[in-house]
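Chemist: Residue numbers (UniProt numbering): 1 to 674.
Mind having a look at this structure? Questions to follow.
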């Protein structure tokens, strides 16, 4: 069957998509980035053409009844209208048990929106199944993360029969294949599913914490309850009286999502669960196929190929978050852990003792290691605007998912910070139909990286694409239920639906510093990525290493994390390999794309080599920029829409480091433009 899944990047949508593909169905994951907007209806009819079934797993998190009703009624109405015109044979809507009960939804606007959605499908005259699911286990860590302040979390008083989201996804897949009732021409099926155990949300959270030690990076000492959503929800109004009772208990779910209890010791321990960690595992396995590996990451997400969060997942029609996961049990991930590799996500390391080769987890457990890799990455620099549901310091998978929810077509997002991540996000949001106000410290854009002619070209492109450029510096701001206000130092205030702040990051060296390791804008390592402590290595954003071409430096880009992680892993497992790579980085800004090697910094002298247009003038769509220091050594190369030339750029940096260039003009033509 051909099945269209709306909301395919959310928690349940990803599982539904994977399950349907597992059953052999052809699945179209429809999204705004692929030109399908269920709010406006744009692209819906084309997406549904030839479809046998449609799954509505759309979601919008809001406490406002008006906003929820408008969103869910509008999207359901548009989906039904497009499905009717396309002749779709089955619609499946994922909803919430009890949401349509006035006694339940009167105190919670979000549920009133779901009730409006259900009504739209019931009255559509189409073959529809409405899945009434109780709350998923997977939502509890999210609730706890959002309601924890210091050592205390305040959860809504709620009796629930929590169910595994994977079980709900299986039910959806079964309903997709169900044939309509031929006697009536259409049918409306309503199927409820709940978990086997009834408990309060607070009790479920406490049990999860007892097993995992932390949830979503939070480890509250006390969990309090408050009747935030009324008596009906507090007394069990979300638990269906009839329906399917799933067999997966909380204990079984915890065992399945964290298949291994933390061991007392591992041959190899990796602190951090990002790109460097995933590649370090590959490096270890290249030398040692059997040694035990324990990975501890504060973020609850599995290692993800981070560039996809600001590039591919916004721009490629068929991209899925699962495919960006570098190491995960999730269906569709690039690789799954082997039987000797354990991922312990949402688990923080609180201290490290190099002398006895041990560390302590946030739950108090001590773990010994043979070799240790610190791949703790970098943390965003916070400003006067506190992170929250509408203010994102864009680093994690959760940030991506939240921005996806907020950045609907014609939404208004303020992007603060004119550097690498800010320009990428301003561009991809604009390409997804979002109105962008881009707050930057100066214009032209990226003048610290690009010579003036190119910076001016890029700035014009952003303006021509409709990006509103505002020069200023962030002073603070405030959030409200429906939006955010950003305040600049000159008093300017900008009101929008959301704000994304990217004003730089700082290496996460706290653990290393407390353990007595040498730290100086990163963890200092030698050319084998070893720290000064026995059996401890560092790699990725956090490592400050001796680059063989450019001297001691720290690099915050994907290629550095991948290549350093691999070498560190091999050396941990007994290899003796110096790290000899000078990493490169790349970006896409609308129709412009570039790769850069070395010190791309306009504090150096620059030599521009542009293609020539038909008018005989420089064509800034294609060119190479050389960055040269005062003695004539090339320290960096920018390849602007020039591809497959990273290796020649490295060779040029190496050669001119030995034999400096006397005539800078002679650099033009060193690297062909095409």
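Glycine residues also receive a C-beta, built at the ideal position from the N, C-alpha and C atoms.
Ends of the alpha helix (DSSP H) at residue 72?
Modeler: Position 72 of the chain shown, counted from the start, is the residue given in the question as residue 72. Here the alpha helix (DSSP H) through residue 72 covers 65-86.
Chemist: From 152, 92, 120, pick the residue whose C-alpha is nearest to that of residue 131; which is it?
Modeler: The residue you call residue 131 lines up with position 131 of the chain shown. If we check each option's Cα against that of residue 131, 92 comes out closest.
Chemist: What residue range does the alpha helix (DSSP H) around residue 425 cover?
Modeler: As a position in the chain shown, residue 425 is number 425, starting the count at 1. Residues 420-431.
Chemist: Is the beta carbon of residue 542 less than 7 Å from the beta carbon of residue 508?
Modeler: Locating residue 542 in the chain shown gives position 542, counting from the first residue. Locating residue 508 in the chain shown gives position 508, counting from the first residue. In this structure, residue 508 lies closer than 7 Å to residue 542 by Cβ.
Chemist: Considering residue 2, what are the terminal residues of the beta strand (DSSP E) in which it resides?
Modeler: Counted from its first residue, the chain shown places residue 2 at position 2. 2-6 is the span of the beta strand (DSSP E), which, as asked, contains residue 2.
Chemist: For residue 160, list the residues DSSP reports as bridge partners.
Modeler: By 1-based counting over the chain shown, the position of residue 160 is 160. 199.
Chemist: Which residues mark the beginning and the end of the alpha helix (DSSP H) in which residue 283 is found?
Modeler: As a first step, residue 283 must be located in the chain shown, where it is residue number 283. Start and end: 275-287.
Chemist: If we count the other Cβ atoms within 10 Å of its Cβ and call it buried at 16 or more, is residue 266 buried or exposed?
Modeler: In the chain shown, counting from the first residue as 1, residue 266 sits at position 266. Burial call: buried.
Chemist: From this set, 329, 320, 211, 651, which residue's C-alpha is nearest residue 347's C-alpha?
Modeler: Residue mapping note: residue 347 aligns to position 347 of the chain shown, counting from 1. Considering only alpha carbons, the answer is 211.
Chemist: Tell me, which residues are paired with residue 218 by DSSP?
Modeler: Along the chain shown, one-based indexing puts residue 218 at 218. DSSP, once it has assigned bridges, lists 215 as partnering residue 218.
Chemist: Which value, in whole angstroms, describes the spacing of the CA atoms of residue 252 and residue 246?
Modeler: To locate residue 252, count along the chain shown from 1; it is residue 252. To locate residue 246, count along the chain shown from 1; it is residue 246. Distance between the alpha carbons of residue 252 and residue 246: 12 Å.
Chemist: What residues match up with residue 618 in a beta bridge as DSSP calls it?
Modeler: Taking the first residue of the chain shown as 1, we reach residue 618 at position 618. For residue 618, which the question treats as bridged, DSSP gives the partners 612.
Chemist: Assuming contact is defined by CB atoms lying nearer than 7 Å, are residue 189 and residue 129 in contact in what I supplied?
Modeler: Walking along the chain shown from the start, residue 189 turns up at place 189. Walking along the chain shown from the start, residue 129 turns up at place 129. Cβ distance < 7 Å, so residue 189 and residue 129 count as in contact.
Chemist: Please specify which runs of the alpha helix (DSSP H), each continuous and at least 4 residues long, are wholly inside the segment 579-607, giving them in chain order.
Modeler: The qualifying runs do not exist here; there are none.
Chemist: Can you give me the Cβ contacts of residue 548 inside the same chain, cut-off strictly under 6 Å, excluding the 5 residues immediately before and after it?
Modeler: Position 548 of the chain shown, counting from 1, holds the residue named residue 548. Within the same chain, residue 548 has close Cβ partners 580.
Chemist: Would a C-beta distance cut-off of 7 Å place residue 305 and residue 324 closer than the cut-off?
Modeler: Sequence index remark: in the chain shown, residue 305 carries index 305 (1-based). Sequence index remark: in the chain shown, residue 324 carries index 324 (1-based). Cβ atoms of residue 305 and residue 324: closer than 7 Å.
Chemist: Between residue 100 and the rest of its own chain, which residues show a CB-CB distance below 6 Å, the 5 nearest in sequence each way excluded?
Modeler: Mapped onto the chain shown, residue 100 falls at position 100. Correct list, in chain order: 115, 118.
Chemist: Counting along the chain, where does the beta strand (DSSP E) carrying residue 435 start and finish?
Modeler: Indexing the chain shown from 1 puts residue 435 at position 435. From DSSP, the beta strand (DSSP E) with residue 435 extends over 435-440.
Chemist: Look up residue 480 in the DSSP assignment and say whether it is helix, strand or coil.
Modeler: In the chain shown, counting from the first residue as 1, residue 480 sits at position 480. Of the three classes helix, strand and coil, the one that applies to residue 480 here is strand, per DSSP.
Chemist: Alpha carbon to alpha carbon, how far is residue 301 from residue 11? Give it in angstroms, no decimals.
Modeler: As a position in the chain shown, residue 11 is number 11, starting the count at 1. As a position in the chain shown, residue 301 is number 301, starting the count at 1. When rounded, the distance between both Cα atoms is 12 Å.
Chemist: Three or more beta-carbon pairs under 8 Å between the segment 616-624 and the segment 437-457, yes or no?
Modeler: Yes, the segment 616-624 is in contact with the segment 437-457.
Chemist: What would DSSP say about residue 549, mapped onto helix, strand or coil?
Modeler: To locate residue 549, count along the chain shown from 1; it is residue 549. In this structure, residue 549 counts as coil in the three-state DSSP scheme.
Chemist: Cα separation between residue 95 and residue 73?
Modeler: Looking up residue 95 in the chain shown gives position 95. Looking up residue 73 in the chain shown gives position 73. About 13 Å.
Chemist: Pop quiz: residue 625 and residue 640 are said to be a contact at Cβ under 8 Å. What is the actual Cβ separation, rounded to whole angstroms?
Modeler: As a working mapping, residue 625 is identified with position 625 in the chain shown. As a working mapping, residue 640 is identified with position 640 in the chain shown. About 7 Å separates the two Cβ atoms, so the contact holds.
Chemist: Hey, is the segment 363-379 in contact with the segment 268-286, meaning 3+ C-beta pairs nearer than 8 Å?
Modeler: Cβ pair count under 8 Å is three or more, so yes.
Chemist: Whole-angstrom Cβ separation of residue 438 and residue 461, contact assumed at under 8 Å?
Modeler: Counting from one through the chain shown, the residue named residue 438 turns up at place 438. Counting from one through the chain shown, the residue named residue 461 turns up at place 461. The pair is not a contact, with the Cβ atoms about 12 Å apart (cut-off 8 Å).
Chemist: Which of the three DSSP states, helix, strand or coil, is assigned to residue 294?
Modeler: Taking the first residue of the chain shown as 1, we reach residue 294 at position 294. If DSSP states are grouped into helix, strand and coil, residue 294 belongs with the strands.
Chemist: On the criterion of 16 or more Cβ atoms from any shown chain inside 10 Å, does residue 659 qualify as buried, or is it exposed?
Modeler: Along the chain shown, one-based indexing puts residue 659 at 659. Exposed: under 16 other Cβ atoms inside 10 Å.
Chemist: Assess, as a yes-or-no matter, whether the segment 67-85 is touched by the segment 216-234 under the definition of 3 or more beta carbon pairs within less than 8 Å.
Modeler: No, they do not touch.
Chemist: Output the boundary residues of the alpha helix (DSSP H) element that contains residue 493.
Modeler: As a position in the chain shown, residue 493 is number 493, starting the count at 1. From DSSP, residue 493 is part of no alpha helix (DSSP H) but of the beta strand (DSSP E) over 493-496.
Chemist: In this structure, how does DSSP classify residue 640 when only helix, strand and coil are distinguished?
Modeler: As a position in the chain shown, residue 640 is number 640, starting the count at 1. Residue 640: strand per DSSP, three-state reduction.
Chemist: Report yes or no: do three or more beta-carbon pairs, one from the segment 155-166 and one from the segment 194-207, lie closer than 8 Å?
Modeler: Counting Cβ pairs under 8 Å, three or more are found: they touch.
Chemist: I want to know whether the segment 600-620 touches the segment 560-568 - three or more CB-CB distances under 8 Å.
Modeler: In short, these stretches do not touch, since the Cβ pair count stays below three.
Chemist: Cutting at 7 Å between CB atoms, please list the residues of its own chain near residue 322, excluding the five before and the five after it.
Modeler: Numbered from its first residue, the chain shown carries residue 322 at position 322. Counting only Cβ-Cβ distances below 7 Å, and skipping sequence neighbours, we find 14, 18, 330, 331, 332, 333.
Chemist: Identify the continuous beta strand (DSSP E) that holds residue 369 and give its terminal residues.
Modeler: Your numbering for residue 369 matches position 369 in the chain shown. Where residue 369 is concerned, the enclosing beta strand (DSSP E) stretches over 366-374.
Chemist: Mind reading off the beta-carbon distance from residue 244 to residue 191? Whole number of angstroms is fine, and I expect it under 8 Å.
Modeler: Start at 1 with the first residue of the chain shown, and residue 244 comes out as number 244. Start at 1 with the first residue of the chain shown, and residue 191 comes out as number 191. 7 Å between Cβ atoms; contact.
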